[in-house]
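Here is the structure we will look at.
Residue numbers (my numbering): 134 to 477.
Printed below as a string of structure tokens:
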């Protein structure tokens, strides 16, 4: 048995420095996203540990593959489609293409997809959301390429994030409904543990409702995502059977709100006089229903554009100012007839 001490790995340097392997890789490459102070600390630790940069692997990695890997839960969701379009438009301007992977809202599928995509040597990796399995987080943290989490504002981002707080979005809608006199307020969402961004909106929604001393238990789980009008209609009937005195409901998406409102109207329940209804996503359908549906505009296209610009900067020439770890724009509340009774 050999007593020769194993050479330190990049992961060992990262652990000693209290940073990710990706940050160590950037520091060793002289990437502008790492500050001079941080780079000096990492280089000192690497030297003390006797870490030797594999120049062959480093040079191989600099050969551009020309694509950025992206995972999204579903392409049927117009919001995710808009984000991919914005990302693609920006990356094409710098000679990069997008390789898409669909996770079907499953964190286990996401982990497998990340592993498959990384084997294809992308230049950067974009994932949807900030909730991942431990295995996926380890893959992302050790990828040694830029990693961007989108559509969320993670408490502990792996690399960079472009998005917003879904909890804040839900809370804002709750305050809107309460401001317009609603007191028995419900939420229609996906089954627990399937849509983490939807769950965050529900959590923020009910936290805000509770702050006003109102009931916080009127939650209807309508099924696994992606939900549509059919699930919304069925959930509306369940809501009326379970909580018949409900006077307002927020739905996890505009398509669900459309289905729920149609069900209410067929049952002779006036919207918004008897029950107010709101959605999320600013889908086209929400502006053309009667009444038009109050919703939240998440600026999906801009999420994609900002992500593309961030990646282009991370992969481009060095700049004096490193990119910030999180960017995004707060969602916009669009008030319409379904909650206010006024024409848009």
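Every residue gets a Cβ at the ideal spot worked out from N, C-alpha and C, and that includes glycine. Model, not experiment: these values are computed from the prediction.
Quick check: residue i and residue j, are their CB atoms within less than 9 Å of each other?
{"i": "residue 163", "j": "residue 171", "result": "no"}
{"i": "residue 266", "j": "residue 301", "result": "no"}
{"i": "residue 473", "j": "residue 313", "result": "yes"}
{"i": "residue 359", "j": "residue 206", "result": "yes"}
{"i": "residue 394", "j": "residue 368", "result": "no"}
{"i": "residue 286", "j": "residue 260", "result": "no"}
{"i": "residue 264", "j": "residue 235", "result": "no"}
{"i": "residue 336", "j": "residue 303", "result": "yes"}
Kindly indicate which three-state DSSP category residue i falls into: helix, strand or coil?
{"i": "residue 353", "result": "strand"}
{"i": "residue 466", "result": "strand"}
{"i": "residue 322", "result": "strand"}
{"i": "residue 191", "result": "Note that residue 191 has pLDDT 47, beneath the 50 cutoff, so the model's placement of it is unreliable and no number is given."}
{"i": "residue 220", "result": "helix"}
{"i": "residue 311", "result": "helix"}
{"i": "residue 149", "result": "helix"}
{"i": "residue 471", "result": "helix"}
{"i": "residue 332", "result": "helix"}
{"i": "residue 374", "result": "helix"}
{"i": "residue 169", "result": "helix"}
For residue i, which of the options has the nearest alpha-carbon?
{"i": "residue 154", "options": "273, 199 and 255", "result": "273"}
{"i": "residue 437", "options": "198, 345, 281 and 255", "result": "281"}
{"i": "residue 225", "options": "466, 468, 269 and 442", "result": "442"}
{"i": "residue 429", "options": "404, 456 and 384", "result": "384"}
{"i": "residue 182", "options": "148, 456 and 433", "result": "148"}
{"i": "residue 354", "options": "386, 444 and 307", "result": "386"}
{"i": "residue 276", "options": "202, 379, 467 and 461", "result": "202"}
{"i": "residue 311", "options": "382, 362 and 377", "result": "382"}
{"i": "residue 321", "options": "210, 373, 244 and 446", "result": "373"}
{"i": "residue 289", "options": "248, 315 and 262", "result": "262"}
{"i": "residue 356", "options": "378, 297, 334 and 328", "result": "328"}
I need the straight-line Cα distance from residue i to residue j, nearest angstrom please.
{"i": "residue 416", "j": "residue 388", "result": "8 Å"}
{"i": "residue 470", "j": "residue 233", "result": "37 Å"}
{"i": "residue 178", "j": "residue 158", "result": "13 Å"}
{"i": "residue 461", "j": "residue 294", "result": "8 Å"}
{"i": "residue 445", "j": "residue 227", "result": "7 Å"}
{"i": "residue 192", "j": "residue 447", "result": "Only weak support exists for where residue 192 lies, its pLDDT of 40 falling under 50; the coordinates are left without a value."}
Could you pull out every residue in the same chain whose Cβ sits closer than 6 Å to the Cβ of residue i, ignoring the five residues on either side in sequence?
{"i": "residue 184", "result": "141 and 146"}
{"i": "residue 151", "result": "none"}
Excluding the 5 residues preceding and the 5 following residue i in the sequence, name in chain order all residues of the same chain whose CB lies nearer than 8 Å to its CB.
{"i": "residue 167", "result": "156, 159, 160, 175 and 455"}
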